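**Q** All residue numbers for the sequence shown refer to this note's numbering, where the first residue is 1 and numbers rise by one.
I am attaching a structure below and will ask some questions about it afterwards.
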Amino acid sequence: MLSGSSGDLSCPANDAHLFVRAEAKAGMTIMIVLLSRVFLMPLLRLLNTPEEVIELSFAYIYTLLLFVGVMFAYNLLSALLRAVGNSVAPLVFLILAAVLNIFLDILFITRFGMGVRGAAVATVLAQGVSVILCLVYIYLKCRLLIPSGEHFVIESKLYKELLSQGVSMGLMNAIVSTGTVILQSAINGLGYLVIAGHTAARKVNSFCMMPMSVTGMAVSTFVSQNRGAGQGERIRRGVRYGNILCVCWGIVLMAILYPGAPGLIALISGSAEAVVLDIGKRYLWFTAPFYIVLGYVFLMRSSLQAIGQKILPLVSSAMEFVGKILFAAVVIPKIGYAGVILCEPLIWCLMTMQLVWAFYRDPYIRQFKNKKVKLYGSRKEN
1 MLSGSSGDLS CPANDAHLFV RAEAKAGMTI MIVLLSRVFL MPLLRLLNTP EEVIELSFAY
61 IYTLLLFVGV MFAYNLLSAL LRAVGNSVAP LVFLILAAVL NIFLDILFIT RFGMGVRGAA
121 VATVLAQGVS VILCLVYIYL KCRLLIPSGE HFVIESKLYK ELLSQGVSMG LMNAIVSTGT
181 VILQSAINGL GYLVIAGHTA ARKVNSFCMM PMSVTGMAVS TFVSQNRGAG QGERIRRGVR
241 YGNILCVCWG IVLMAILYPG APGLIALISG SAEAVVLDIG KRYLWFTAPF YIVLGYVFLM
301 RSSLQAIGQK ILPLVSSAME FVGKILFAAV VIPKIGYAGV ILCEPLIWCL MTMQLVWAFY
361 RDPYIRQFKN KKVKLYGSRK EN
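Here it is, written out as structure tokens:
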């Protein structure tokens, strides 16, 4: 199934693949922890992090990196559940972790006075709870994901396909993350109050994006399974329904953020500074309508990857990367924080146009343009 076949989910090749992924993530965890201790502070200085917050930044990021294995574990376990068709359980666990994270943030920062390190600890603990929930669920409800000794079998064709897909997705995430780091370096030059307001707004932004990101993951699993089964009509319909869900969520976000943004920024930042509240409010108010566009980015990029496209999703990431460099180097120095607010929504619009064009122009998807199918039930063709 993972390699595009319709074979038994408990076949040896799949279970060997699961253990290789786990071992790879364990090795990456150790490597990241070691590298972060050596290079994190020099990197923060390279990004022009103000001296007033550089120690706090180091404490927050290093705490997260120290327990990055927890994040890897959740990503692995949730991906395994989605791969066997269960996208509900990972979503429920993620939502519970997000709500717990918010409460722990408030508890550790306001009650225990732990500051930014408390926020990092809260994130790690919330992710740890989601990992435990996934493990318990797999043990109770999905025992086929628990391999035994005879499942350690290597299949070279499968690993080559996984490697090519992994490199494509890894490059995409690396390009996006690098662009974000470059953009952050420009934000760091605007002062610590701007950084505080923007950081609080980005926390709200992360929560707002979560349902769209998870919907993209679910649609990716749905698309890949139906691609393996040759059900292109169901792919088109599933992507359409996913886009409708993201549009609905975008409308809900606008209804929440326009009246509620100032209070959310005050709650998360713990600051009463007018500059901090204004910065966060402006970011969320301008970004709110564009969450609908961002939903399309998540869905179309995931769908392209799921049908086997490796280059076209990278094009959108390259567009984002170049756009953030241009804003960081040219626009933000001239117009200040307004450039930060404009940056991502405008890039999302460009990315959406490219991704929608790429998906519906894909030869496999185009051949099902005039066919219709019920997601559940008998197929009907025009």
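Glycine included, every Cβ here is placed at the ideal spot set by N, Cα and C.
Predicted, not measured: the structure shown is a model, and the values here were computed from it.
1) Please report how far the alpha carbon of TYR241 lies from the alpha carbon of LEU80, in whole angstroms.
2) Are ALA119 and PHE103 close, meaning C-beta to C-beta below 8 Å?
3) Excluding the five sequence neighbours on either side, which residues of its own chain have a C-beta within less than 8 Å of the C-beta of ILE341, listed in chain order?
4) Please classify VAL124: is it buried, with 16 or more other beta-carbons within 10 angstroms of its beta-carbon, or exposed?
5) I'd like the span of the alpha helix (DSSP H) that includes LEU107, first residue to last.
6) Give me the residue from TYR360, VAL315, ALA329 and PRO363 with the minimum Cα distance to ILE175.
7) Whole angstroms is fine: what's the gap from GLY69's alpha carbon to LEU135's?
8) I'd like to know if the stretch 185-195 and the stretch 262-281 are in contact, where contact means that at least 3 CB-CB pairs between them fall below 8 Å.
9) Return the CA-CA distance between ARG143 and VAL239, expressed in angstroms with no decimal places.
10) Could you check where the alpha helix (DSSP H) with GLN305 kicks off and where it finishes?
11) Taking the alpha-carbon of ASN48 as reference, which of ILE187, LEU245, VAL322 and TYR337 has the nearest alpha-carbon?
12) The alpha helix (DSSP H) with ASN75 in it runs from where to where?
13) Which whole-angstrom value describes the C-beta separation of VAL204 and LEU264, a residue pair presumed to lie in contact below a C-beta threshold of 8 Å?
14) Mapping the DSSP letters down to three states, classify THR221 as helix, strand or coil.
15) For ILE292, count the other beta carbons within 10 Å of its own beta carbon; 16 or more makes it buried, fewer makes it exposed. Which is it?
16) Evaluate the contact criterion for the stretch 298-318 versus the stretch 346-362: three or more CB pairs, one atom per stretch, below 8 Å.
**A** Result, derived from the coordinates:
1) Position 241 of the sequence shown holds residue 241. Position 80 of the sequence shown holds residue 80. If I take the Cα positions, the gap works out to 23 Å.
2) Taking the first residue of the sequence shown as 1, we reach residue 119 at position 119. Taking the first residue of the sequence shown as 1, we reach residue 103 at position 103. Going by C-beta atoms, ALA119 is not nearer than 8 Å to PHE103.
3) On the sequence shown, residue 341 is found 341 positions in, with the first residue counted as 1. Only ARG282, TYR283, PHE286 and THR287 meet the Cβ criterion.
4) Taking the first residue of the sequence shown as position 1, residue 124 is located at position 124. So VAL124 ends up on the buried side.
5) On the sequence shown, position 107 is the one that residue 107 refers to. Looking at the DSSP string, LEU107 is not in any alpha helix (DSSP H), and its letter there is neither H nor E.
6) Here residue 175 refers to the residue found at position 175 when the sequence shown is read from its first residue. For the residues TYR360, VAL315, ALA329 and PRO363, the minimum Cα distance to ILE175 belongs to VAL315.
7) Stepping through the sequence shown from its first residue, residue 69 is reached at position 69. Stepping through the sequence shown from its first residue, residue 135 is reached at position 135. Roughly 15 Å between the two C-alpha positions.
8) yes
9) Position 143 of the sequence shown, counting from 1, holds the residue named residue 143. Position 239 of the sequence shown, counting from 1, holds the residue named residue 239. Their backbone Cα atoms lie some 30 Å apart in a straight line.
10) If you number the sequence shown from 1, residue 305 lands on position 305. GLN305 -> alpha helix (DSSP H) spans 291-306.
11) Position 48 of the sequence shown, counted from the first residue, corresponds to residue 48. Looking at the Cα atoms, ILE187 is the closest of the given residues.
12) Here the question's residue 75 lines up with position 75 in the sequence shown. Where ASN75 is concerned, the enclosing alpha helix (DSSP H) stretches over 68-83.
13) The count along the sequence shown starts at 1 and reaches residue 204 at position 204. The count along the sequence shown starts at 1 and reaches residue 264 at position 264. Their Cβ separation, rounded to whole angstroms, is 5 Å, which keeps VAL204 and LEU264 in contact under 8 Å.
14) Sequence index remark: in the sequence shown, residue 221 carries index 221 (1-based). Helix.
15) As a position in the sequence shown, residue 292 is number 292, starting the count at 1. ILE292 should be labelled buried.
16) yes
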